[in-house]
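Undergrad: As numbered in the numbering used here, residues 16 to 379 make up the sequence shown, in order.
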Amino acid sequence: MTTPPVVERHLFGPGPSNPYAEATAALGLPLLGHLDPEFLRIMDETCADLRTVWGTANPRTLPLSATGSAGMEAAFVNTVRPGDVAVVAVNGLFGERMCEVAGRAGAEVVRVDHEWGRPIDPDRVAAAHPSPTVIAAVHAETSTGVRSDIAALGRLKGDALLLTDAVTSIGGIELRADDWGIDVGYAGTQKCLGVAPGLAPFTISDHAFARRVPRPQSWYLDLGLLGGYVGGGAGGRTYHHTAPVAMVVSLHAGLRRILSEGLEAVWARHAEAGRLLQDGLQELGLELFAEEGYRLPELTTVKVPDGVDSAAVRAELLHRYDLEIGAGAGAYAGSVWRIGLMGRNARPDAALLVLAALRDVLHR
Ligand SMILES: *Cc1c(COP(=O)(O)O)cnc(C)c1O
Numbered sequence: 016m017t018t019p020p021v022v023e024r025h026l027f028g029p030g031p032s033n034p035y036a037e038a039t040a041a042l043g044l045p046l047l048g049h050l051d052p053e054f055l056r057i058m059d060e061t062c063a064d065l066r067t068v069w070g071t072a073n074p075r076t077l078p079l080s081a082t083g084s085a086g087m088e089a090a091f092v093n094t095v096r097p098g099d100v101a102v103v104a105v106n107g108l109f110g111e112r113m114c115e116v117a118g119r120a121g122a123e124v125v126r127v128d129h130e131w132g133r134p135i136d137p138d139r140v141a142a143a144h145p146s147p148t149v150i151a152a153v154h155a156e157t158s159t160g161v162r163s164d165i166a167a168l169g170r171l172k173g174d175a176l177l178l179t180d181a182v183t184s185i186g187g188i189e190l191r192a193d194d195w196g197i198d199v200g201y202a203g204t205q206k207c208l209g210v211a212p213g214l215a216p217f218t219i220s221d222h223a224f225a226r227r228v229p230r231p232q233s234w235y236l237d238l239g240l241l242g243g244y245v246g247g248g249a250g251g252r253t254y255h256h257t258a259p260v261a262m263v264v265s266l267h268a269g270l271r272r273i274l275s276e277g278l279e280a281v282w283a284r285h286a287e288a289g290r291l292l293q294d295g296l297q298e299l300g301l302e303l304f305a306e307e308g309y310r311l312p313e314l315t316t317v318k319v320p321d322g323v324d325s326a327a328v329r330a331e332l333l334h335r336y337d338l339e340i341g342a343g344a345g346a347y348a349g350s351v352w353r354i355g356l357m358g359r360n361a362r363p364d365a366a367l368l369v370l371a372a373l374r375d376v377l378h379r
């Protein structure tokens, strides 16, 4: 028998000091059947807790059984018919991907481009078309580290449905789906929620549900059928697909942990860690990429200094400090670093470790 390699790095960290350890530990619990009453109770609680982190009362709030990208697919295939106009705000990679997904769903895509590193301009997005079916925007652009004002877009959306990507904002920064006028929202588990990747927390308002595409091209992501999956359908709970039981139990544990700490306390913890990191990077003489005032605390983008080999620095951080930072996205792959302080890593000591390691590796 071969022994698996021992890796000291853990995305969410081992041990009792890890406030998000419950979610990881839950993956190792004995499996419940997907129709076991205990599992159904856990599913109900998970949907209720998701309403809290989304800031919504939408009855149709559930974890889709696939990653955040499937949430994006579900948002578009259920709201746009071929020929419908989708106005998409683009200020990074995930906005670009929205255009691709909307186009494949048959929408006439009106793309409103912004410079990467800047927030979206709600006035310009709202003025892009007189009567779009949907307006879509990314709340927290993970490719650039920028937060956009979704509430402002919600006030300007008119009759359009507002679709929002909250993959990197949920559980990390303020998110109030109902107050902000979000009609359809999707998220992911592996960013600030601190749970393994694999589910897409999803919410759709009654108003958007009533206007949905009756028979979308995707059977699996048809929200009209998924009501029964979580027990919210007209016919009660019906079989749609087998719930990924371990993942849902893990998400449940992760959400319980966040809500026991307190959602606003969790936001404040992310804010503090991000501020420490961003102040410290500037004290080291590094330049931040995202526009001031719109910087995400959970995802910091910083320019690679002239003459520095981006990949070599990342490799050294990984091997000497067990510390993984990301390369830039798209055109900024070699010129920007992306540093995540999400979930369990949104702590002052993690921010200070990044700063000390970078100071060492960059000889500053
Ligand atoms: C990570 C991410 C996604 C995609 O989520 P997956 O779980 O990788 O499919 C979509 N949008 C944003 C903003 C993201 O950060």
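Glycine included, C-beta positions come from ideal geometry on N, C-alpha and C.
Going by C-alpha distance, which of A192, V127 and G118 is nearest T71?
TA: Translated into positions along the sequence shown, residue 71 becomes position 56. For the residues A192, V127 and G118, the minimum Cα distance to T71 belongs to A192.
Undergrad: DSSP state of R133, grouped into three classes?
TA: Here residue 133 is taken as the residue at index 118 of the sequence shown, counted from 1. In this structure, R133 counts as coil in the three-state DSSP scheme.
Undergrad: Leaving out five residues before and five after A366 in sequence, what residues of the same chain have Cβ atoms less than 8 Å from its Cβ?
TA: Locating residue 366 in the sequence shown gives position 351, counting from the first residue. Cβ neighbours of A366 beyond the five flanking positions: A288, G289, L291, L292, G295 and L356.
Undergrad: With a cut-off of 8 Å on the beta carbons, I'd call V386 and C62 a contact; round off their distance for me.
TA: Residue 386 falls outside the range modelled here, since the chain spans only 16 to 379, and no answer is possible.
Undergrad: Between the C-alpha atoms of D99 and R284, what's the straight-line distance to the nearest angstrom?
TA: One-based indexing of the sequence shown puts residue 99 at position 84. One-based indexing of the sequence shown puts residue 284 at position 269. Cα to Cα, the separation comes out at about 41 Å.
Undergrad: Sorry if obvious, but does the Cβ on E156 come closer than 7 Å to a heavy atom of ligand 1?
TA: Taking the first residue of the sequence shown as position 1, residue 156 is located at position 141. True, at least one ligand heavy atom lies under 7 Å from that Cβ.
Undergrad: Could you say if the region 267–279 and the region 114–134 meet the contact criterion of at least three C-beta pairs nearer than 8 Å?
TA: Taking 8 Å as the limit for Cβ pairs, the verdict is that the region 114–134 does not touch the region 267–279.
Undergrad: Distance check for L240 and F54, CA to CA, integer angstroms please.
TA: The residue given as residue 54 occupies position 39 in the sequence shown. The residue given as residue 240 occupies position 225 in the sequence shown. Going by the C-alpha atoms only, they are around 20 Å apart.
Undergrad: Which residue's Cα is closest to the Cα of A261: R119, G43 and L50?
TA: If you number the sequence shown from 1, residue 261 lands on position 246. The option with the nearest alpha carbon to A261 is G43.
Undergrad: Tell me, please, whether the region 152–172 touches the region 305–318 by the rule of three or more beta-carbon pairs shorter than 8 Å.
TA: Segments in contact, yes.
Undergrad: Which of the three DSSP states is assigned to I197 in this structure?
TA: As a first step, residue 197 must be located in the sequence shown, where it is residue number 182. Looking at I197 - three-state DSSP - the assignment turns out to be coil, as it is neither helix nor strand.
Undergrad: CB-CB under 7 Å to V116, same chain, minus the five flanking residues each way: which ones, in chain order?
TA: Taking the sequence shown and counting its residues from 1, one reaches residue 116 at position 101. Excluding sequence neighbours, V116 sits near M87, E88 and F91.
Undergrad: Return yes when at least one heavy atom of ligand 1 lies under 7 Å from the C-beta of V182, else no.
TA: Position 167 of the sequence shown, counted from the start, is the residue given in the question as residue 182. Result yes, Cβ under 7 Å from ligand 1.
Undergrad: Kindly identify the DSSP beta-bridge partner or partners of V382.
TA: This structure cannot speak to residue 382, because the chain is shown only from 16 to 379.
Undergrad: Assign W131 to buried or exposed, taking buried as 16 or more other Cβ atoms, counted over all protein chains shown, within 10 Å of its Cβ.
TA: Here residue 131 is taken as the residue at index 116 of the sequence shown, counted from 1. By the neighbour-count rule (16 or more Cβ atoms within 10 Å), W131 is buried.
Undergrad: Can you tell which of R335, I340, P363 and A326 has the C-alpha that lies nearest to the C-alpha of G349?
TA: For the purposes of this step, residue 349 is taken as the residue at position 334 of the sequence shown. If we check each option's Cα against that of G349, A326 comes out closest.
Undergrad: Take the Cβ of T253 as the centre, count every other Cβ of all protein chains shown within 10 Å, and call the residue buried at 16 or more, exposed below.
TA: Within the sequence shown, numbered from 1, the residue matching residue 253 stands at position 238. T253 is exposed by the Cβ-count criterion.
Undergrad: Cα separation between T183 and L190?
TA: Position 168 of the sequence shown, counted from the start, is the residue given in the question as residue 183. Position 175 of the sequence shown, counted from the start, is the residue given in the question as residue 190. Approximately 11 Å, taken between the alpha carbons.
Undergrad: Just to confirm my understanding: we take A258, look at its own chain, exclude 5 residues before and 5 after, and list those with CB closer than 8 Å. What are they?
TA: Mapped onto the sequence shown, residue 258 falls at position 243. Hits under 8 Å: H49, F54, M58, S80 and Y244.
Undergrad: Quick one: give me the first and last residue of the beta strand (DSSP E) that V103 is part of.
TA: Here residue 103 corresponds to residue number 88 of the sequence shown, with the count starting at 1. Element bounds for V103: V100 to V105.
Undergrad: Could you give the uninterrupted runs of the alpha helix (DSSP H) lying entirely in the region 55–96, keeping only those of 4 residues or more?
TA: Counting only runs of 4 or more, we get 83–92.
Undergrad: Taking the Cβ atom as the reference point for each residue, do R353 and L299 lie within a distance shorter than 8 Å?
TA: To locate residue 353, count along the sequence shown from 1; it is residue 338. To locate residue 299, count along the sequence shown from 1; it is residue 284. For R353 and L299, no; Cβs fall outside 8 Å.
Undergrad: Considering only residues of the same chain and omitting the five flanking positions on each side of Y336, which have a CB-CB separation below 6 Å?
TA: Locating residue 336 in the sequence shown gives position 321, counting from the first residue. Same-chain partners within the cutoff: A372.
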